[in-house]
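J.: Got a structure here, written out as structure tokens. Questions coming.
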Amino acid sequence: VLIEKQRHGALDSPKRTDSWLQGPWSPVIGALALALVGIATLAVVGRPWGITAGFALWGAKIVHAAGMPVTEWPYWQNRALAIDRSVFAHTTSVMNFGLMLGAMAAAALAGRYRPVRRLSRRDLTTAIIGGLMMGYGARLAFGCNIGGFLGGVISGSVHGWGWLVFGFIGSLIGTRLRQWVGMDPPPATPSG
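Start counting the sequence shown at 52; every next residue gets the next number (my numbering).
Right under this line is the structure:
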């Protein structure tokens with residue numbers, strides 16, 4: 052909050068609305084909803100909520116369809132059956148589809164669903180490089196912020212708290228890199 056005020060002068064106060072459908076929604080309600088979904092996933096599926104395993108499967112299916120022997124790779128040797136099955140038989144993939152559809156629905160209900168149809172070459176390049184780096188990092192870190200942090204904390208694992216520390220450090224570095232490559236304007240300087 053202090054950094055945001057320092058850079059932009061003030062925080063936008065949330066607009067009030069009477070509609071649960073159109074938002075804005077409280078961050079506390081959002082955090083509680085995430086916690087409930089995480090706990091429900093642990094109770095129903097028998098493992099913490101994860102996201103990136105679904106993306107790894109989708110990528111493996113694409114690479115496998117292109118003729119590469121994915122099932123011989125160490126990671127996929129015990130998971131080869133998932134490559135031959137439908138993504139709808141994969142719990143994490145189904146949850147990912149629900150997450151994406153839910154995000155689009157929430158944005159549409161709030162009047163903020165505006166897909167970008169044209170990306171500059173720089174934006175496309177940074178998105179591809181950033182996505183590959185995040186995907187690789189998520190596999191190394193036992194998941195993204197849902198699987199690595201939330202899933203770790205909800206399941207009682209210490210690795211979730213370790214993920215929080217290093218995720219915070221990575222976020223600080225990432226915000227500086229965005230400025231360095233010109234994706235964010237420089238911080239506002241106080242006038243007066």
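Where is the CB? At the ideal position from N, CA and C, for every residue including glycine.
By the three-class DSSP mapping on this structure, what secondary structure does Leu-175 have?
T.: On the sequence shown, position 124 is the one that residue 175 refers to. Looking at Leu-175 - three-state DSSP - the assignment turns out to be helix.
J.: Which value, in whole angstroms, describes the spacing of the CA atoms of Ala-107 and Leu-150?
T.: Here residue 107 corresponds to residue number 56 of the sequence shown, with the count starting at 1. Here residue 150 corresponds to residue number 99 of the sequence shown, with the count starting at 1. One C-alpha to the other measures close to 16 Å.
J.: Is DSSP giving Arg-163 helix, strand or coil here?
T.: For this step, residue 163 is matched to residue 112 along the sequence shown. Reduced to three states, the DSSP call for Arg-163 is coil.
J.: Count the other C-beta atoms from every protein chain shown that fall within 10 angstroms of the C-beta of Asn-129, then say buried if there are 16 or more, exposed otherwise.
T.: As a position in the sequence shown, residue 129 is number 78, starting the count at 1. So Asn-129 counts as exposed.
J.: Can you check whether the CB of Thr-177 is closer than 9 Å to the CB of Val-232?
T.: For the purposes of this step, residue 232 is taken as residue 181 along the sequence shown, with counting starting at 1. For the purposes of this step, residue 177 is taken as residue 126 along the sequence shown, with counting starting at 1. Yes.
J.: Check whether the segment 151-165 touches the segment 120-134, counting contact only when three or more Cβ pairs, one atom from each stretch, lie closer than 8 Å.
T.: no
J.: Evaluate Leu-228 with the Cβ neighbour count: other Cβ atoms within 10 Å of its Cβ, from every protein chain shown; 16 or more gives buried, anything less gives exposed.
T.: The residue given as residue 228 occupies position 177 in the sequence shown. So Leu-228 ends up on the exposed side.
J.: With Ile-224 as the anchor, note down where its alpha helix (DSSP H) starts and where it stops.
T.: Here residue 224 refers to the residue found at position 173 when the sequence shown is read from its first residue. Counting along the chain, the alpha helix (DSSP H) containing Ile-224 begins and ends at 210-231.
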